[in-house]
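Residue numbers (full-length UniProt numbering): 1 to 550. Have a look at the structure below, then the notes.
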Amino acid sequence: MPTVHLLDYVAGNVRSLVNAIEKLGYEVEWIKSPADIAKAEKLILPGVGHFGYCVSQFAKANYTDAICEHIRAGKPFMGICVGLQALCAGSEEDEAVPGFGFINKKLVKFDPRDKSVPHIGWNSANTALSGTKVDESLYGLRPDSKYYYVHSYAIPYREGELEKAGWAVATARYGNEEFVGAVSRDNVLATQFHPEKSGAAGLRVIKAFLDGRSIQPLSSPPTVNSIQEGLTRRVIACLDVRTNDQGDLVVTKGDQYDVRERDGVSTGGAVRNLGKPVEMAQKYYEQGADEVTFLNITSFRNCPVADLPMLEILRRTSETVFVPLTIGGGIRDTVDTDGSKVSALDIATLYFKSGADKVSIGSDAVTAAEEYYASGKKLTGTTAIESISAAYGNQAVVVSVDPRRVYVSSPSSTSHHTIRTAFPGPQGEEYCWYQCTIKGGREGRDFDVIQLVRAVEALGAGEILLNCIDKDGTNSGFDLELIRDVKSAIDIPVIASSGAGNPGHFAEVFEKTSADAALGAGIFHRGEYTVKQVKEHLQQENLLVRRYEE
Ligand code: 1PR
Numbered sequence: 001m002p003t004v005h006l007l008d009y010v011a012g013n014v015r016s017l018v019n020a021i022e023k024l025g026y027e028v029e030w031i032k033s034p035a036d037i038a039k040a041e042k043l044i045l046p047g048v049g050h051f052g053y054c055v056s057q058f059a060k061a062n063y064t065d066a067i068c069e070h071i072r073a074g075k076p077f078m079g080i081c082v083g084l085q086a087l088c089a090g091s092e093e094d095e096a097v098p099g100f101g102f103i104n105k106k107l108v109k110f111d112p113r114d115k116s117v118p119h120i121g122w123n124s125a126n127t128a129l130s131g132t133k134v135d136e137s138l139y140g141l142r143p144d145s146k147y148y149y150v151h152s153y154a155i156p157y158r159e160g161e162l163e164k165a166g167w168a169v170a171t172a173r174y175g176n177e178e179f180v181g182a183v184s185r186d187n188v189l190a191t192q193f194h195p196e197k198s199g200a201a202g203l204r205v206i207k208a209f210l211d212g213r214s215i216q217p218l219s220s221p222p223t224v225n226s227i228q229e230g231l232t233r234r235v236i237a238c239l240d241v242r243t244n245d246q247g248d249l250v251v252t253k254g255d256q257y258d259v260r261e262r263d264g265v266s267t268g269g270a271v272r273n274l275g276k277p278v279e280m281a282q283k284y285y286e287q288g289a290d291e292v293t294f295l296n297i298t299s300f301r302n303c304p305v306a307d308l309p310m311l312e313i314l315r316r317t318s319e320t321v322f323v324p325l326t327i328g329g330g331i332r333d334t335v336d337t338d339g340s341k342v343s344a345l346d347i348a349t350l351y352f353k354s355g356a357d358k359v360s361i362g363s364d365a366v367t368a369a370e371e372y373y374a375s376g377k378k379l380t381g382t383t384a385i386e387s388i389s390a391a392y393g394n395q396a397v398v399v400s401v402d403p404r405r406v407y408v409s410s411p412s413s414t415s416h417h418t419i420r421t422a423f424p425g426p427q428g429e430e431y432c433w434y435q436c437t438i439k440g441g442r443e444g445r446d447f448d449v450i451q452l453v454r455a456v457e458a459l460g461a462g463e464i465l466l467n468c469i470d471k472d473g474t475n476s477g478f479d480l481e482l483i484r485d486v487k488s489a490i491d492i493p494v495i496a497s498s499g500a501g502n503p504g505h506f507a508e509v510f511e512k513t514s515a516d517a518a519l520g521a522g523i524f525h526r527g528e529y530t531v532k533q534v535k536e537h538l539q540q541e542n543l544l545v546r547r548y549e550e
């Protein structure tokens, strides 16, 4: 089997990249020391996280000179995400650390005034501006395909600048900022997006690099109408996973968090079994889901951390599902069955190594946020959110929020942040606040959702998964009032969740709020609608979506 060398210098999900390379018929060899780089023919530098941290890690381990030598020698080199950023002169993210300097540009942070930052989701890598012919493809890139990005800093695109230095450029637009999605010159290809997470479109790019084909003819050139710039609306399929009474791991789904069958008026029947996690994730990938989220909604009792069943689910899913995978449930400091302490960061590391791109933190985030205010907004660096985002980047940390409506007659009757609601409470109350809960909604806290999201953003969370217990499983649509309120309080992206019952609800949440993504569970598991149908409906409503590519 032909070989490609991979440098696994810091944390991150490299498993998906390895799976992608192996699926394409190549074998991965790991670079373990700078001397190994000299032996490499093709070298891939993947990367997530903090620019300064990554680039100084290379320097500390004496990799910088070896990598630069490989590039100067004209040997094939591919940089992914921070692997692209490292080629630049520097980054606003860390002014003290210079990059390798091959690309004479500095990375700049996206302006959060008109959009969420980080930029997370599917966007273009369009070579049209850079002059690549419409019937030719640069490393398999298609101007009408979408690729998965997750980053806060980017190279601003100024027409002609990089081209003058010999680079071919593929661009993307986020809000009113045009930035560099990919660049190529001679033996170098570098992508800001993650090809290993970009479905078939991304695998095509990796294959073109591995096969050494920089320019190829396009058998079906894009039409003017098929090229649409900008970030697409993300549709996420969520799988709540737990063990049922027989001990099998199943996908389940509750009504307002009650996952047991209802027998007439009484509850408390068997745990609903809607299918097997890996098979269902694969099915949603093939339907065009832009991401898949697994939530372990019960802790697996008496199970050593290293054997957590979710690790195996991730390993198997990441072999065939090439879109981002999020895993939540039980991410907190814990004590293992042998009495040893395991940190939230250790658990997250196991998940990332098994193929997860993001971890989602629920109960522990509420506790951390409460402590944040109690200490006068001090950052200790020790919470799960802080330690995981420091090691893997903010974009890898999602906070899952489980709020419940509490109705009040007037804002003055509570110290919490209220909204005026168009859906009055049982006593005709016109105001409500959203109470944070922990332990899957079992315990309510004297803490509101706005306090929580502001605190976790300050602690380093990169995205909010915004559930709503009142809406969960009701098929009655998303809680638009809650989503608008949370969006107006923070800059990081918000995933709307709970209540999706038909494709119109997805269109509604994107049209009437500025939600960055929308998640559905029951609607898909019960077979009422497919992800494909939801995306077709969004498209009919003139909302930009990623088309699924075989
Ligand atoms: O507290 O860090 O261990 O994380 C536990 C995680 O498990 C949290 O993310 C919490 O939301 C989730 N969870 C705990 N108990 C339940 C339950 O249902 N009994 N599920 C639960 C939460 C909510 C959504 C759901 C949407 C969409 N599920 O993920 O999928 O509401 O549903 P719908 O489209 O069918 O309306 P920790």
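Just so you know, even glycine gets a beta-carbon here, dropped at the ideal spot from N, CA and C. Source: prediction; values computed, not measured.
Residue i classed as buried or exposed, judged by whether at least 16 other C-beta atoms fall within 10 angstroms
{"i": "residue 380", "result": "exposed"}
{"i": "residue 310", "result": "buried"}
{"i": "residue 280", "result": "buried"}
{"i": "residue 13", "result": "buried"}
{"i": "residue 123", "result": "buried"}
{"i": "residue 165", "result": "exposed"}
{"i": "residue 248", "result": "exposed"}
{"i": "residue 515", "result": "buried"}
{"i": "residue 420", "result": "exposed"}
{"i": "residue 1", "result": "exposed"}
{"i": "residue 303", "result": "exposed"}
{"i": "residue 172", "result": "buried"}
{"i": "residue 394", "result": "buried"}
{"i": "residue 542", "result": "exposed"}
{"i": "residue 427", "result": "exposed"}
{"i": "residue 526", "result": "exposed"}
{"i": "residue 358", "result": "buried"}
{"i": "residue 176", "result": "exposed"}
{"i": "residue 199", "result": "buried"}
{"i": "residue 217", "result": "exposed"}
{"i": "residue 513", "result": "buried"}
{"i": "residue 25", "result": "exposed"}
{"i": "residue 245", "result": "exposed"}
Reference residue i, options the options, closest by Cα
{"i": "residue 90", "options": "81, 103, 366, 80", "result": "103"}
{"i": "residue 510", "options": "233, 520, 456, 532", "result": "233"}
{"i": "residue 30", "options": "43, 20, 19", "result": "43"}
{"i": "residue 329", "options": "460, 343, 296, 353", "result": "296"}
{"i": "residue 36", "options": "4, 16, 49", "result": "4"}
{"i": "residue 398", "options": "326, 535, 370", "result": "326"}
{"i": "residue 151", "options": "373, 244, 203, 83", "result": "83"}
{"i": "residue 96", "options": "177, 390, 55, 173", "result": "55"}
{"i": "residue 76", "options": "498, 317, 45", "result": "45"}
{"i": "residue 317", "options": "345, 298, 277, 335", "result": "277"}
{"i": "residue 450", "options": "478, 474, 20, 403", "result": "403"}
{"i": "residue 503", "options": "485, 490, 488, 540", "result": "540"}
{"i": "residue 481", "options": "460, 354, 459, 424", "result": "424"}
{"i": "residue 113", "options": "489, 535, 538", "result": "489"}
{"i": "residue 130", "options": "118, 107, 162", "result": "162"}
{"i": "residue 272", "options": "286, 240, 376", "result": "240"}
{"i": "residue 505", "options": "487, 532, 492, 537", "result": "537"}
{"i": "residue 335", "options": "360, 305, 362", "result": "305"}
{"i": "residue 484", "options": "182, 251, 32, 418", "result": "418"}
{"i": "residue 238", "options": "244, 246, 251, 245", "result": "251"}
{"i": "residue 591", "options": "382, 253, 186", "result": "The question about residue 591 has no answer, for the chain in this structure spans 1 to 550."}
{"i": "residue 440", "options": "391, 361, 221", "result": "361"}
{"i": "residue 534", "options": "521, 549, 507", "result": "507"}
{"i": "residue 315", "options": "7, 6, 20", "result": "20"}
{"i": "residue 337", "options": "545, 372, 308", "result": "308"}
8 Å contact criterion, which residue i and residue j should meet: CB distance rounded
{"i": "residue 517", "j": "residue 236", "result": "6 Å"}
{"i": "residue 323", "j": "residue 290", "result": "6 Å"}
{"i": "residue 106", "j": "residue 92", "result": "7 Å"}
{"i": "residue 383", "j": "residue 368", "result": "4 Å"}
{"i": "residue 134", "j": "residue 195", "result": "Contact flag wrong, Cβ pair sits at about 21 Å."}
{"i": "residue 469", "j": "residue 500", "result": "Not quite, the Cβ-Cβ distance comes to about 15 Å (not below 8 Å), so this is no contact."}
Length at least 3, wholly inside the segment 380–454: the beta strand (DSSP E) runs in chain order | 397–401, 403–408, 431–438, 443–448
Could you name each continuous beta strand (DSSP E) segment of 3 residues or more that falls completely within the segment 78–113, going from the start of the chain to the end?
-> 88–91, 103–109
Note down, one range per segment and in chain order, each alpha helix (DSSP H) of at least 4 residues found wholly within the segment 123–199.
-> 161–164
Runs of beta strand (DSSP E) lying entirely within the segment 277–322, each at least 3 residues, in chain order | 291–296
Would you say the segment 135–150 touches the segment 209–229, given that touching needs at least three Cβ pairs under 8 Å?
-> yes
Any chance the segment 340–347 sits against the segment 375–389, with 3 or more Cβ pairs inside 8 Å?
-> yes
Three CB pairs or more closer than 8 Å across the segment 465–472 and the segment 493–501 = yes
Any beta strand (DSSP E) of 3 or more consecutive residues that is wholly inside the segment 317–365 | 325–328, 358–361
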